[in-house]
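Let me begin by presenting the structure, written as structure tokens, before commenting on it.
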Amino acid sequence: MKNKKRKTLSRSKAGTFVIFLFLIVVGVFMLLPIIYVLVTAFKPLNEILAYPPKFFVRNPTLSNFSDLIEITQETWIPFERSLFNSLFIAVAGTAAYIIIASMAAYPLAKNKSRYIGVYYQIVVLAILFRPEVTRTPLYIIISKLGLINTYWSLILPVLAGSFGVFLMRQFMITVPNEMLEAARVDGANEFTCFWRLVMPLVRPAWMTLTIFTFKDLWNTGESQYIYEEALKTLTAVMQSISSAGIARAGAGAAVALIMMIPPVVVFVISQSSVMETMSQTGIKG
Amino acid sequence: MSGEKRQKKKTTFKKWFRAQGASLVFLAPFTILFVLFTILPIAAAIVLSFTYFNMLSAPTFVGFDNYIRMFFDDDVFLIALKNTAIFAMITGPVSYILSFLVAWLINEFNRFVRTVLTLVFYLPSLAGNVYFVWTYIFSGDSYGLLNSILTKFGLTADAIQWLTDTKYMMAVVVVVILWLSLGTGFLSFVAGLQSMDRELFEAAAIDGVKNRFAELWYITLPQMVPQLLFGAVMQISTSFAIGYECMNLTGFPSTDYATHTMVLHILDFGQVRFEMGYACAVAVFLFAMMLIMWKVVNKLLSKWA
């Protein structure tokens, strides 16, 4: 920041202290459960069953991870299979949504037609209604379309979400119209403008959307849409394990840790894109 | 209509289509999915809410019976309504204010510290289903982390059944929901505060704005209204949809329906009892509550700008 040196409002010392205290209290509350997952995942069974329970791990071990693979092999389906299901749904679904949402966002951002303006209003309003609240009518439609017990039943409702379209549209607004006009004069059609010009320019926006969509799809699977064991996702495995109580706590923490890593890594890599994109999310009342 | 006129109309439509054709092609894939899986469920819910429908035989029209039943013949619905209202009217605003407050406070730090703190506070939302870990913390047996701490300090003699005792269940869920509260809206606030006009703050300091709360009230908040509106949309969409969290923490159905919400009531009648008509009526009522909430919040916040 270039005008960092210029003085704005002076801050009182007592105020700063209170702020620090508040942030530390909230921060500890946020972090402790995550740390608990981390340490429990490496606890040997005798420490998990120790009474009274200890927060931190004494003799870290990887046995919970091998247990996890063994348990799933015996009771449900091979661990690799549910890992594959989750990965496939998350990666394929995210790629499809980035393309579909960006395509829809382009005219919503750059076409001044009145009807398109109305459509944009509907898209914003639809952010309110997530698949959780439309679950039952959605279930009727998905079962009438014969999509129960397919990957589609988990992917399609996410692809129909309007949040990503809104996000991409807000960022595409910032692409200068003069640039598009110049390209059109040079003979570029709309598809070339979109793919060669707009998409590279809005890279931060689709990086951001990648995180949100990947996170949603990666965590999906606790639904009525899939009852065939071979198609179940890691979320379903995590649910089954955690309902088995304390004896499985180690394996439960191990799968929770595995589920936590990909979204966190993606977020850390692209966090500056996220900040750049999210500053465009404001909406007019 | 004369032939000439018709001809003219046709060419203007052609013109319009040629101008808009590309836009329509771009919009088509999303629009098909959006209509099929977002608009159609809402429309279908409204229509089916006036019927009896079990998915096996055709729906039969029953008028307002489902809506009457909701309020006069279903005590569990009233519990669900009360709990959803608690999440929407109390927990929701607390989460929303907490998101803004934390974003505003970490905005004072330099870029590196701010980035680290953003990750720390966003981590629970980012980690998704990892809130399962709270079942180990609140576990009612002697292995529960919280119970063992309380016993150690002599605060309680017996293990408290946090997840099955109706006295504590709602409180436990509220704690977990607050833990999850710094989500997309929070990121929008952090980013919005960063991109604000610095000159305004300097001008305000010269004009005699005395402390940071005055600065917040008169300068920061009015500038943040667009982000605040976005945060409100996200908060409403999250708060009214709470239910699966309750299910994963306290079971389904929970003891005496203590943490039952409208989303779970819809699930219960829709996917368990297959009384789709009634489930849809509850869903329509939920949609209406969300829309009203959004209109009210929109009015209140827009006044500020």
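Sequences listed follow chains A and B, in order. Going by my numbering, the first sequence wraps up at 285, each residue one higher than the last. Going by my numbering, the second sequence wraps up at 1305, each residue one higher than the last. For glycine and all other residues, C-beta sits at the position ideal for the given N, C-alpha and C.
Query raised in the report: For the stretch 1151–1179 of chain B, which residues have a beta carbon sitting closer than 8 Å to at least one beta carbon of chain A?
Result: T1151, K1152 and W1179
Query raised in the report: Does any C-beta atom of chain B lie closer than 8 Å to the C-beta of L209 of chain A?
Result: no
Query raised in the report: What does L1126 of chain B touch in chain A if you count any residue whose Cβ is under 7 Å from its own?
Result: K215, P263, V264 and F267
Query raised in the report: Among the residues of its own chain, which have a CB less than 6 Å from the CB of N1107 of chain B, if the five just before and after it don't count?
Result: L1193
**Report entry** Test: A256 of chain A CB closer than 8 Å to a CB of chain B
**Finding:** yes
Query raised in the report: Along the chain, where does the alpha helix (DSSP H) that runs through N46 of chain A open and close?
Result: L45 to I48
**Report entry** Span separating the alpha-carbon of S273 of chain A from that of P137 of chain A
**Finding:** 36 Å
Requested in this report: Mind listing the chain B neighbours of V37 of chain A? Cutoff is C-beta to C-beta under 7 Å, in chain order.
Outcome: V1130 and V1133
Requested in this report: Just tell me which of A:W152, A:L201, A:R81 and A:Y227 has its CA closest to the CA of G93 of chain A.
Outcome: A:W152
Query raised in the report: Closest by CA to A249 of chain A, which one among A:T40, A:V28 and A:T16?
Result: A:T40
**Report entry** Whole-angstrom C-beta distance between T1135 of chain B and L1163 of chain B, which should lie under 8 Å
**Finding:** 7 Å
Query raised in the report: Rounded to a whole number of angstroms, what is the C-alpha to C-alpha distance between T72 of chain A and A251 of chain A?
Result: 10 Å
Query raised in the report: In three-state DSSP terms, what is Y1122 of chain B?
Result: helix
Requested in this report: Verify the CB distance criterion: does L156 of chain A have a CB-CB separation below 8 Å to chain B?
Outcome: yes
**Report entry** M1290 of chain B versus P107 of chain A: straight-line alpha-carbon distance, rounded
**Finding:** 28 Å
Query raised in the report: chain A beta carbons: is any one of them nearer than 8 Å to that of L1249 of chain B?
Result: no
Query raised in the report: What do you reckon, are the CB atoms on F1230 of chain B and S1188 of chain B nearer than 8 Å?
Result: yes
Requested in this report: Would you mind sorting S243 of chain A into buried or exposed? The rule is 16 or more other CB atoms within 10 Å of its CB.
Outcome: exposed
Query raised in the report: If you measure from the beta carbon of I283 of chain A to each beta carbon in chain B, is any gap under 8 Å?
Result: yes
Query - Where the alpha helix (DSSP H) through M1276 of chain B begins and ends - result: M1276 to W1304
Query raised in the report: Is the shortest distance between the beta-carbon of G1270 of chain B and the beta-carbons of chain A less than 8 Å?
Result: yes
Query raised in the report: Is DSSP giving T233 of chain A helix, strand or coil here?
Result: coil
Query raised in the report: So who's on the other strand from A1052 of chain B, going by DSSP bridges?
Result: According to the sequence as given, residue 1052 of chain B is Tyr; it is not Ala. In DSSP, Y1052 of chain B forms a bridge with B:T1060.
Report task. Pick helix, strand or coil for W1134 of chain B, following the three-state DSSP scheme. Result -> helix
Query raised in the report: Which residue from B:L1264, B:T1038, B:S1239 and B:L1300 puts its Cα closest to that of M1307 of chain B?
Result: Residue 1307 of chain B cannot be examined here, being either before or after the span of chain B that is shown, 1001 to 1305.
Requested in this report: Note down, in chain order, every chain B residue with its Cβ under 7 Å from the Cβ of F42 of chain A.
Outcome: In chain order: nothing, as chain B lies at least about 14 Å away.
Report task. Answer with buried or exposed for S279 of chain A, where buried requires no fewer than 16 other C-beta atoms within 10 angstroms of its C-beta. Result -> buried
Query raised in the report: Would you say T75 of chain A touches the ligand SAM, meaning its beta carbon is less than 7 Å from a heavy atom?
Result: Among the components modelled here there is no ligand, and therefore nothing to report on the ligand SAM.
Query raised in the report: At what residues does the alpha helix (DSSP H) containing R1069 of chain B begin and finish?
Result: D1065 to F1072
Query raised in the report: DSSP three-state call for S1195 of chain B: helix, strand or coil?
Result: coil
**Report entry** Collapsed DSSP secondary structure at T61 of chain A in the structure displayed
**Finding:** coil
Query raised in the report: From this set, B:L1036, B:F1138, B:G1183 and B:K1015, which residue's C-alpha is nearest Y1096 of chain B's C-alpha?
Result: B:G1183
Query raised in the report: Name the residues in the stretch 222–240 of chain A whose C-beta lies less than 8 Å from a C-beta of chain B; which are they?
Result: E222, Q224, T235, M238 and Q239
Query raised in the report: Run through DSSP, which three-state label would E80 of chain A get?
Result: helix
Report task. Since I believe V1284 of chain B is in contact with S1049 of chain B (beta carbons under 8 Å), could you give me their beta-carbon distance rounded to a whole number of angstroms? Result -> 5 Å
Query raised in the report: Can you list, in chain order, the residues of its chain whose CB lies under 7 Å from that of L209 of chain A, leaving out five sequence neighbours each side?
Result: I98, A101, G164, L167 and M168
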